[in-house]
Amino acid sequence: MYTRETTTYTSGHDSLRTSIVKVWEHKNLIWVFARRDLQVKYAQTHLGFAWSIFKPLLGLSIYVFFGYMLNWTSGQIPYAVYVLTGLVGWNLFTYIISNGVSAVQESTDVIKKIYFPKSILLFSKTVVGLFEATISLALLIPLLIYFEIVISWKIIFVPLVLIFNITCGLATTFIISSISIAKRDFLQVLPYLISVAIWLTPVFLSASIFPERFQFIFDYNPIANVIDLWRWVIFDEIEFKFIWGINFLLSTVVLFFGFYLYSFRENKFADSV
Amino acid sequence: MTKENAISVLNLSKNYSLRNSKIVNNENLSSGFLALNDVSFEIKRGESIAIIGPNGSGKSTLLKILAGVTKPTSGIVKLKGKVASILDIGAGFHPELSGKENIFLNGQLLGFSKKEIHPKVQEIIEFSGIGSFIDEPVKNYSKGMYLRLAFSIVAHLDFDIYLFDEVFGVGDAEFVLKSRNKILSIIASNRTVVMVSHNMYELNAFDMFIEMNEGKLIQVSKEAEIISTYLSKAINKNNIYVHSSNVTLEDFPGLNEQRGFCLEKLKLSQVIDHQENFSSDKPFSIFIYYKKLSFEDTVDVILTISDSVGTVIIVSSPIVAGVVDETNEIREVQLECTIPKYFFNSKVYSIGLTFVANAIEIKNKSKGKQLENENVGELFKNYKVIKSMQNLLYFKVQVKMPGFVDIGELDFSTGMLLNAFNWEIK
Chain A
2 MYTRETTTYT SGHDSLRTSI VKVWEHKNLI WVFARRDLQV KYAQTHLGFA WSIFKPLLGL
62 SIYVFFGYML NWTSGQIPYA VYVLTGLVGW NLFTYIISNG VSAVQESTDV IKKIYFPKSI
122 LLFSKTVVGL FEATISLALL IPLLIYFEIV ISWKIIFVPL VLIFNITCGL ATTFIISSIS
182 IAKRDFLQVL PYLISVAIWL TPVFLSASIF PERFQFIFDY NPIANVIDLW RWVIFDEIEF
242 KFIWGINFLL STVVLFFGFY LYSFRENKFA DSV
Chain B
12 MTKENAISVL NLSKNYSLRN SKIVNNENLS SGFLALNDVS FEIKRGESIA IIGPNGSGKS
72 TLLKILAGVT KPTSGIVKLK GKVASILDIG AGFHPELSGK ENIFLNGQLL GFSKKEIHPK
132 VQEIIEFSGI GSFIDEPVKN YSKGMYLRLA FSIVAHLDFD IYLFDEVFGV GDAEFVLKSR
192 NKILSIIASN RTVVMVSHNM YELNAFDMFI EMNEGKLIQV SKEAEIISTY LSKAINKNNI
252 YVHSSNVTLE DFPGLNEQRG FCLEKLKLSQ VIDHQENFSS DKPFSIFIYY KKLSFEDTVD
312 VILTISDSVG TVIIVSSPIV AGVVDETNEI REVQLECTIP KYFFNSKVYS IGLTFVANAI
372 EIKNKSKGKQ LENENVGELF KNYKVIKSMQ NLLYFKVQVK MPGFVDIGEL DFSTGMLLNA
432 FNWEIK
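Top to bottom, those sequences are chains A and B.
Positions 2 to 274 (the working numbering) are the ones given, in order, by the first sequence.
Positions 12 to 437 (the working numbering) are the ones given, in order, by the second sequence.
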């Protein structure tokens, strides 16, 4: 028989555990929102879905063009492959942030109609980001064939790298969103911060072109670790650094802290959007 | 077996912090606006309640908290079952998606699977009356279409609890009526309905009434009386009296005798023993006494009954009923219109009269028989309005309902309800 579930609304704040349970109860909405986003993404374009393939290609060719012009080096790895592996990680990271922070504003209409944990919106943006990352990864295959590169056995660690990648993106988004609920000043400088951050991350530049004494930045920057890891899973030549593992654990802690902070603050959304 | 609670609200308060702290009207709180103040009530499963009260009394805030859209400042709300809500804003549509795609999106957001929505889609589209536009992106929809679709979705999926903020002002007359009937059938199907209403209609269908003011519960009552009392209070504020028992008006300021007629008396009465209140289980008589002053014109009367906000509910005229005044001479005319019992709700109504002239041809044709709708249209075209007087008399009725009553088929094709009440002429 159909059982009626009881919903309770109180003034109190949820514990981390309750917040996670609530997300789990509403998990099907993650797919609903993600499907909606994919449906409308290229709604008013001629090429439609094809843009999902063209966009990473376009980004890739711009970097490759300037890379060869300026003679940027990337060790033994062909530069095009180096850039694409960098872009997969970087694009997923920035997609989650830039779409995540505006997700609530974008769905005001729904937020004013039904209750669900607002973090659901961020998770669904992550799913869309993953979808794009998959397409970028598929573009890597013809490149690898062209340069006759044999993929390392370490490719089995891709899921872990993805988790690390998403952890960095979500942790950042939760914290930025939490501090931007009441006043949105921070969101104004966010695009500039992202464009600065790409220079501190080996997306299209190799760490080796930086002076030795600044190289530690790349070790302590978790998203730089993620991008190194993307190359690590594909190429045998790259060595694993212990600090990557530590940063992974730290990012996970920050993620849970960010999620808790966000769940704590999210009730302000319906009153302030 | 006693029924379980569908909704229970305990000591609910909601304080909105204001950006401009000068607008503080509550001293207990350092800043902010107390939209809800210690509200408690319970609704059993299958019961329906209507919440009434002036703007800013906390009705919508209460509904928002019930929908989970905003959090209470203190207190507890418990709801049992699937909740559907149509609040003042936000249908939850995505502007880029088509109407059909939005049906699925909306249904899924409300907790239904695609499989469950699929068999209802056709019904939803038909009810909304959106037709071929259903495959267009909803950003191209009019406000009315948007709302019609939103309502249709909610009304056709199975929920346990429905929350309606009165939004049905949008949409054409036909849809307003359709949605009202739909809500009534939802109420009848033993679901829990909470309805916030400004424009009170059909409220007799509800089991319970809650009156709110300034964030507080003024009273909870099972009697529909609460509504007409509330409405009369609002109308009395404008120095207008709402009659609740037999009344005769004889003074009509602003009427001169040069227009071919002279209104002398308007009487609203019921056969009642003592100085009793109007009651819905007896028929009403409206007496209209007027003097015809010229030979050339025939004078006809159109009776309109409107609700307290001026919406015309019913239009009738002796000629519609086939009662024709043949004599073209100076004389006093006494008209009596009988309105059947169980016609009025617990609302405040007003009577309006329009005097018209010159419709002899059709009049003669229609003599002795009730007019068909086309003929009425033609009749109205030939009419020349001499004088239109609205809101001559306000009255309210104590509802005594034996359950469902068939008041006959109503005709909506002219945009208002036309009814051939029983008319007599003397």
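The C-beta atom is built at its ideal place from N, Cα and C for all residues, glycine as well.
His129 of chain B sits in a helix when the DSSP states are folded into three classes. Pro148 of chain B belongs to the set of residues whose beta carbon lies under 9 Å from a beta carbon in chain A.
Nearest neighbour of Gln409 of chain B by Cα position, chosen from B:Pro351, B:Lys276, B:Glu234, turns out to be B:Glu234. Taking a 10 Å sphere around the C-beta of Arg185 of chain A, we find fewer than 16 other C-beta atoms and assign the residue as exposed. If you look at Glu275 of chain B, you'll find it in the beta strand (DSSP E) that goes 272 to 280. The residues Pro106, Glu107, Leu108, Ser109, in chain order, have a CB closer than 7 Å to that of Pro148 of chain B in the same chain once the five nearest residues on each side in sequence are set aside. Using a Cβ-Cβ cut-off of 8 Å, Ser96 of chain B is close to Lys114, Ile115 of chain A, given in chain order. Shown here, Thr19 of chain A sits in a helix according to DSSP, grouped into three states. Rounded to the nearest whole angstrom, the CA to CA distance from Phe52 of chain B to Thr8 of chain A is 16 Å.
In the structure shown, the three-state DSSP call for Asp169 of chain B is coil.
Under DSSP, the beta-bridge partners assigned to Gln345 of chain B are B:Tyr300.
Closest option to Glu133 of chain A, judged by alpha-carbon separation, among A:Lys56, A:Leu188, A:Trp73: A:Lys56. The continuous beta strand (DSSP E) containing Ile324 of chain B extends over residues 323 to 327. About 14 Å separates the CB atoms of Val367 of chain B and Val344 of chain B; that is not less than 8 Å, and the two are not in contact. In this model, Asp237 of chain A and Trp200 of chain A are separated by some 26 Å (Cα to Cα). For Leu260 of chain B, the enclosing beta strand (DSSP E) begins and ends at 258 to 260. The Cβ of Arg37 of chain A sits closer than 9 Å to at least one Cβ of chain B. Only buried fits Ala161 of chain B, as 16 or more other CB atoms lie within 10 angstroms of its CB. The beta carbon of Phe406 of chain B lies closer than 8 Å to those of Val253, His254, Ser255, Val258, Leu279, Phe289, Val359, Tyr360, Ser361, Ile362 in the same chain, with the five residues before and after it left out. Residue state for Asp49 of chain B is assigned as strand, using DSSP reduced to three classes. If you draw a straight line from the Cα of Tyr43 of chain A to the Cα of Ile54 of chain A, it comes to about 12 Å.
Across the region 30 to 63 of chain A, CB contacts with chain B closer than 8 Å involve Leu30, Val33, Arg37, Gln40, Val41, Ala44, Gln45, in sequence order along the chain. A distance below 6 Å between beta-carbons, with the five flanking residues on each side excluded, links Thr168 of chain A to the following residues of its chain, in chain order: Ser252, Thr253, Leu256.
Nearest CB-CB separation between Phe104 of chain B and chain A: below the 9 Å threshold. Excluding residues up to 5 positions away in sequence, Leu121, Val165, Leu168, Phe170, Ile172, Tyr173, Leu174 lie with their Cβ nearer than 8 Å to the Cβ of Ala95 of chain B in the same chain. When rounded, the separation of the alpha-carbon atoms in Tyr301 of chain B and Ala332 of chain B is 19 Å. Taking 8 Å as the upper bound for CB-CB distance, Leu23 of chain B and Pro83 of chain B are in contact here, some 5 Å apart.
Neighbours of Val207 of chain B in chain A, taken as residues at a C-beta separation under 9 Å, are lacking, since the least C-beta distance is about 15 Å.
For the options A:Gly246, A:Ser120, A:Pro212, A:Glu149, the alpha carbon positioned closest to that of Glu26 of chain A is the one of A:Ser120. Under the criterion of beta carbons closer than 8 Å, Ile136 of chain B and Ile145 of chain B qualify as touching, at roughly 5 Å. A direct Cα-Cα distance of roughly 13 Å separates Glu149 of chain A from Gln77 of chain A. Rounded to the nearest angstrom, the gap between the Cα atoms of Met70 of chain A and Val84 of chain A is 14 Å. A Cβ-Cβ contact shorter than 9 Å links Tyr263 of chain A with Leu123 of chain A.
For Phe175 of chain A, the CB contacts under 6 Å within the same chain, skipping 5 residues up- and downstream, are Gly259, Phe260, Tyr263 in chain order. Residue pairing by DSSP puts Ala95 of chain B in a beta bridge opposite B:Tyr173. Interface residue (Cβ-Cβ distance to chain B less than 9 Å): Glu238 of chain A is not classified as such.
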